[in-house]
Amino acid sequence: MTTESSTQTLGFQTEVKQLLQLMIHSLYSNKEIFLRELVSNAADAADKLRFEALTDAALLEGDGELAVRVSYDKDARTLTIEDNGIGMSREEAIAHLGTIAKSGTGEFIKQLSGDAKKDSNLIGQFGVGFYSAFIVADQVDVYSRRAGLPASEGVRWSSRGEGEFEVATIDKPARGTRIVLHLKDGEESFADGWTLRSIIKKYSDHIGLPIQMPVEKYGEDADKADDSAPAWETVNKANALWTRAKADISAEDYNEFYKHIAHDYADPLAHSHNKVEGKLEYTSLLYVPGRAPYDLYQREAPKGLKLYVQRVFIMDQAEQFLPLYLRFIKGVVDSNDLSLNVSREILQSGPVIDSMKSALTKRSLDMLEKLATDKPEDYARFWKEFGQVLKEGPAEDYSNREKIAGLLRFASTKGDGDAQNVSLADYIGRMGEGQDKIYYLTGESHLQAANSPHLEVFAKKGIEVLLLTDRIDEWLMGYLTEFDGKSFVDIARGDLDLGKLESEEDKKAAEEAAKDKEGLVKRLGEALGESVSEVRVSHRLTDSPAILALGAGDLGLQMRQILEASGQKVPETKPVFEFNPTHPLINKLDNEADTDRFAELAHVLFDQAALAAGESLKDPAAYVRRLNKLLLELSA
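Per full-length UniProt numbering, the sequence shown runs over residues 1 to 636.
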């Protein structure tokens, strides 16, 4: 007989109340997914017990045959999911079932739009699958006892999903968790054996744990009264999917397994399933997700592969097997070369770990290369979600720098607007005769970069320029110096040298212009004073009067913004002022005899060049005053 004591009625966390309202109003477009979530949670509980039992065999309590059991009662209109896994203590039940026990809960709530179809895609990202039970149930009762606790310290958790839940201490002889769903009116189909078997087969066939249901009785057998314990039968394959032969696994099987391990509701974009034999023996199953998790840019957030050793679950987020820039990769690695009592400390380094990490990194990059080649539209989806993370690669992984560079995508002056769909191989394939460098320009936005005066000479000569406008791009190019033997050149930095792309006539004309404007160079240097490091005649410009160029070692705008945002001191730099010797404004300036007026005009040109470069003016009021003065003179 079960007895209850110490009953408490508690309120849900605010975010859970909001979530339950969405669940109750059919957030999921496909209601049957709730069963997948509850079965997956039960399987996870078994994995956790296996792991803890490695160091404390007493937790198995003499019962090492782990399984999930799904049963139903048509008359009572209930559905029960039971496991003999790790279970929960009273405190854990309150913590895990009364709150969304993850960072980022507030962010989850912010992203909810009220559109059921869109919002359903967020559920998996925030680990709130348990609450999906309320899609089909108007009351959920949970009975649990943590392995290792006495039978008298079981817990019953109960809620109708209306803002409160009740917790009581109970006697529970068996460890593990039993969840009883009291089905809503109209949801009786989930108390049907054939329906439940079909759902389990569809979504949970890959789980490496027996999922059992009572043996169905038909005809005369069904009419016979039988008070004995029901016979159970396993309704899934019950072997780890990654251990099966590829030929025996369908695309749907792979996709459903991904959803199980990643807690995602969208299919992955690609997968790679490999078994390594020889000096090292391990199996890996890696996936490229189709969308980014909410915490992708929190570098300290949990990440990594599920680690198994000889098919025994060891760790949920083993981050030691992939570099940080591949933190979006999901999957499983099962090794025969690690000890079953492996710890995080052991995983930090060592020849086995290093070798596996190197191989899994290469496997991941190969998978991305294949996706880019075979399914460019899917790769474009990947790039939109994860491109900025992949850009961290060249700095973190020198040995794979060239391979990573081949996976990068950029906007360009010959691309499709601001779409980042140009690969470095595409760019090189379009290079004209005499071009031996890859030209690029960083900018605050695509519009600002695409209209930069720095592009004028390249547009005139038909030379493609990559437009890099992500905040990380300037930092990236500090580590990406060449690709396929061709060096990168920032067209806004240093004294631009077009090499063979400039004819002898162009070079001669530039030399003559520089000599002819020596006096103007000197006057401008005196007028602009400490604002610039140098004044020189430009051969980058065809239409604009002036631009600002960076010194070869100076920080650009993107890097300065990154340093400022992180609170670091930004070294002061002075730009190079370049002017177009053939522009009418420059000729007018050259003919200006009044020293004060010359200085005013010089500063107006300098500020205009700064604005065109995306810079903020140090003294915008002075610029407005000078501009207004010029306008008044024109209207006089």
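Here a beta-carbon is modelled for each residue, glycine too, at the ideal position from N, C-alpha and C.
**Request:** For the beta strand (DSSP E) holding S503, just list the boundary residues, first then last.
**Result:** The count along the sequence shown starts at 1 and reaches residue 503 at position 503. Judged by DSSP secondary structure, S503 falls outside any beta strand (DSSP E); it is assigned neither H nor E.
**Prompt:** So what does DSSP say about F577, is it helix, strand or coil?
**Reply:** Translated into positions along the sequence shown, residue 577 becomes position 577. DSSP, reduced to helix, strand and coil, places F577 within a strand of the structure shown.
**Item:** Helix, strand or coil at H603 according to DSSP, with G and I counted as helix
**Value:** As a working mapping, residue 603 is identified with position 603 in the sequence shown. Correct three-state label for H603: helix.
**Request:** Thinking L322 and I314 are a contact (beta carbons under 8 Å), I'd like their distance in whole angstroms, please.
**Result:** Along the sequence shown, one-based indexing puts residue 322 at 322. Along the sequence shown, one-based indexing puts residue 314 at 314. L322 to I314, Cβ: 16 Å. No contact.
**Message:** Just to confirm my understanding: we take E385, look at its own chain, exclude 5 residues before and 5 after, and list those with CB closer than 6 Å. What are they?
**Reply:** The residue given as residue 385 occupies position 385 in the sequence shown. Closer than 6 Å at the Cβ level, and outside the excluded window around E385, lie R291, A292.
**Request:** Within 10 angstroms of the Cβ of N591, are there 16 or more other Cβ atoms? Answer buried if so, exposed if not.
**Result:** Counted from its first residue, the sequence shown places residue 591 at position 591. Exposed: under 16 other Cβ atoms inside 10 Å.
**Request:** Please list, in chain order, all residues of the same chain as R625 whose beta carbon is under 8 Å from its beta carbon, the five residues on each side excluded.
**Result:** Locating residue 625 in the sequence shown gives position 625, counting from the first residue. Counting only Cβ-Cβ distances below 8 Å, and skipping sequence neighbours, we find nothing.
**Span separating the alpha-carbon of G176 from that of S6** = Within the sequence shown, the letter at position 176 stands for residue 176. Within the sequence shown, the letter at position 6 stands for residue 6. Distance between G176 and S6, taken at the CA atoms: about 20 Å.
**Prompt:** Which word fits W194, buried or exposed, when buried means at least 16 other C-beta atoms lie within 10 angstroms of its C-beta?
**Reply:** Taking the sequence shown and counting its residues from 1, one reaches residue 194 at position 194. Burial call: exposed.
**Asked** If we count the other Cβ atoms within 10 Å of its Cβ and call it buried at 16 or more, is V215 buried or exposed?
**Response** In the sequence shown, the residue the question calls residue 215 occupies position 215. With fewer than 16 other Cβ atoms from the protein chains shown falling within 10 Å of its own Cβ, V215 counts as exposed.
**Message:** Measuring only the C-alpha atoms, how far is E534 from F577?
**Reply:** Counted from its first residue, the sequence shown places residue 534 at position 534. Counted from its first residue, the sequence shown places residue 577 at position 577. Just so you know, the alpha carbons of E534 and F577 end up roughly 6 Å apart.
**Message:** I need the straight-line Cα distance from Q241 to I207, nearest angstrom please.
**Reply:** Sequence index remark: in the sequence shown, residue 241 carries index 241 (1-based). Sequence index remark: in the sequence shown, residue 207 carries index 207 (1-based). With the sequence shown as reference, residue 241 is identified as Leu, and Gln is not the correct amino acid for it. Computed Cα separation, rounded: 7 Å.
**Prompt:** Thinking just about the alpha-carbon of each residue, which of E277, A552, A599, L601 is nearest to the one in R493?
**Reply:** One-based indexing of the sequence shown puts residue 493 at position 493. The shortest C-alpha separation from R493 is found at A552.
**Request:** Compute the Euclidean distance between the alpha carbons of S531 and Q568, then round it to the nearest angstrom.
**Result:** The sequence position of residue 531 within the sequence shown is 531, counting from 1. The sequence position of residue 568 within the sequence shown is 568, counting from 1. Cα to Cα, S531 sits roughly 23 Å from Q568.
**Asked** Apart from the five residues on each side of it in sequence, which residues of its chain come closer than 8 Å, Cβ to Cβ, to T481?
**Response** Within the sequence shown, numbered from 1, the residue matching residue 481 stands at position 481. Beyond the five residues adjoining it in sequence on each side, T481 comes within less than 8 Å, by CB distance, of S487, F488 in the same chain, given in chain order.
**Request:** Less than 8 Å between the CB atoms is what I'm expecting for G387 and R409, so what's the real figure, rounded?
**Result:** One-based indexing of the sequence shown puts residue 387 at position 387. One-based indexing of the sequence shown puts residue 409 at position 409. The pair is a contact, with the Cβ atoms about 6 Å apart (cut-off 8 Å).
**Request:** Kindly indicate which residue of D56, S132, E82 has the alpha-carbon position closest to the one of H263.
**Result:** In the sequence shown, counting from the first residue as 1, residue 263 sits at position 263. Looking at D56, S132, E82, the one whose alpha-carbon comes closest to that of H263 is S132.
**Message:** Please classify L630 as buried or exposed, where buried requires at least 16 other C-beta atoms within 10 Å of its C-beta.
**Reply:** Position 630 of the sequence shown, counted from the start, is the residue given in the question as residue 630. It is exposed - the Cβ of L630 has fewer than 16 other Cβ atoms within 10 Å.
**Message:** Once the 5 residues before and after Q212 are set aside, which same chain residues still bring their CB inside 8 Å of it?
**Reply:** Reading the sequence shown from its first residue, position 212 is the one you call residue 212. The beta carbon of Q212 sits closer than 8 Å to the beta carbons of A67, V68, R69, V70, W232, E233, T234, V235 from its chain, once the five residues preceding and following it are set aside; these are given in chain order.
**Message:** So, with DSSP's three-state summary, where would you put A12?
**Reply:** On the sequence shown, position 12 is the one that residue 12 refers to. First, the residue type needs correcting, since residue 12 is Phe and not Ala in the sequence shown. Coil at F12, not helix or strand.
**Message:** If contacts are defined as beta-carbon pairs under 8 Å, then F439 and V465 qualify, I think. What distance do you get, rounded to the angstrom?
**Reply:** Counting from one through the sequence shown, the residue named residue 439 turns up at place 439. Counting from one through the sequence shown, the residue named residue 465 turns up at place 465. The sequence as given places Tyr at residue 439; Phe does not occur at that position. That belief holds up - the Cβ atoms of Y439 and V465 are roughly 5 Å apart, short of 8 Å.
**Message:** For K48 and K303, I'd like the C-alpha separation in whole angstroms.
**Reply:** Position 48 of the sequence shown, counted from the start, is the residue given in the question as residue 48. Position 303 of the sequence shown, counted from the start, is the residue given in the question as residue 303. Cα to Cα, the separation comes out at about 18 Å.
**Separation of S339 from D267, as counted between CA atoms** = Working through the sequence shown from its first residue, we reach residue 267 at position 267. Working through the sequence shown from its first residue, we reach residue 339 at position 339. For D267 and S339, the gap between their C-alpha atoms comes out near 33 Å.
**Cβ neighbour criterion (16 or more within 10 Å) applied to S452** = Taking the sequence shown and counting its residues from 1, the one referred to as residue 452 is at position 452. With 16 or more neighbouring CB atoms inside 10 Å of its own CB, S452 falls in the buried class.
**Request:** Alpha carbon to alpha carbon, how far is L447 from K391? Give it in angstroms, no decimals.
**Result:** Taking the sequence shown and counting its residues from 1, the one referred to as residue 391 is at position 391. Taking the sequence shown and counting its residues from 1, the one referred to as residue 447 is at position 447. Roughly 22 Å between the two C-alpha positions.
**Asked** How is E188 classed by DSSP in three states: helix, strand or coil?
**Response** In the sequence shown, the residue the question calls residue 188 occupies position 188. When DSSP states are grouped into helix, strand and coil, E188 belongs to the helix group.
**Asked** Quick one, which of F598, I586, G393 has its alpha-carbon nearest T542's?
**Response** On the sequence shown, position 542 is the one that residue 542 refers to. Here the closest residue by C-alpha is I586.
**Prompt:** Are L496 and R540 close, meaning C-beta to C-beta below 8 Å?
**Reply:** Within the sequence shown, numbered from 1, the residue matching residue 496 stands at position 496. Within the sequence shown, numbered from 1, the residue matching residue 540 stands at position 540. Yes, the Cβ-Cβ distance between L496 and R540 is below 8 Å.
**Item:** 6 Å Cβ shell around L368 - same chain, five flanking residues per side excluded
**Value:** Mapped onto the sequence shown, residue 368 falls at position 368. Within the same chain, L368 has close Cβ partners L407.
**Buried or exposed (CB count within 10 angstroms, at least 16 for buried), V142** = Stepping through the sequence shown from its first residue, residue 142 is reached at position 142. Residue environment for V142: buried (at least 16 other C-beta atoms within 10 angstroms of its C-beta).
**Prompt:** In chain order, what residues of the same chain have a beta carbon less than 7 Å from the beta carbon of G136, not counting five sequence neighbours either side?
**Reply:** As a working note, residue 136 is residue 136 in the sequence shown. Checking the sequence shown, residue 136 turns out to be Val, not Gly. These residues qualify, in order along the chain: K31, F34, L181, L183, K184, E187, F190.
**Prompt:** DSSP puts N336 in a beta bridge; with which residues?
**Reply:** If you number the sequence shown from 1, residue 336 lands on position 336. The partner list for N336 (beta bridge, DSSP) is empty, contrary to what the question assumes.
**Request:** Ignore the nearest five residues each way along the sequence and tell me which others in H260's own chain have a CB closer than 6 Å to its CB.
**Result:** Taking the first residue of the sequence shown as 1, we reach residue 260 at position 260. Around H260: S40.
**Prompt:** Counting along the chain, where does the beta strand (DSSP E) carrying P376 start and finish?
**Reply:** As a working mapping, residue 376 is identified with position 376 in the sequence shown. No beta strand (DSSP E) contains P376, which is instead part of the alpha helix (DSSP H) from 376–390.
**Three-pair Cβ contact test at 8 Å for the segment 589–606 versus the segment 519–531** = Contact annotation: the segment 589–606 touches the segment 519–531, with at least three C-beta pairs closer than 8 Å.
**Item:** Y297, buried or exposed, once every other Cβ within 10 Å from all chains shown has been counted against 16
**Value:** Mapped onto the sequence shown, residue 297 falls at position 297. Taking all protein chains shown into account, Y297 has fewer than 16 neighbouring C-beta atoms within 10 Å of its C-beta and is therefore exposed.
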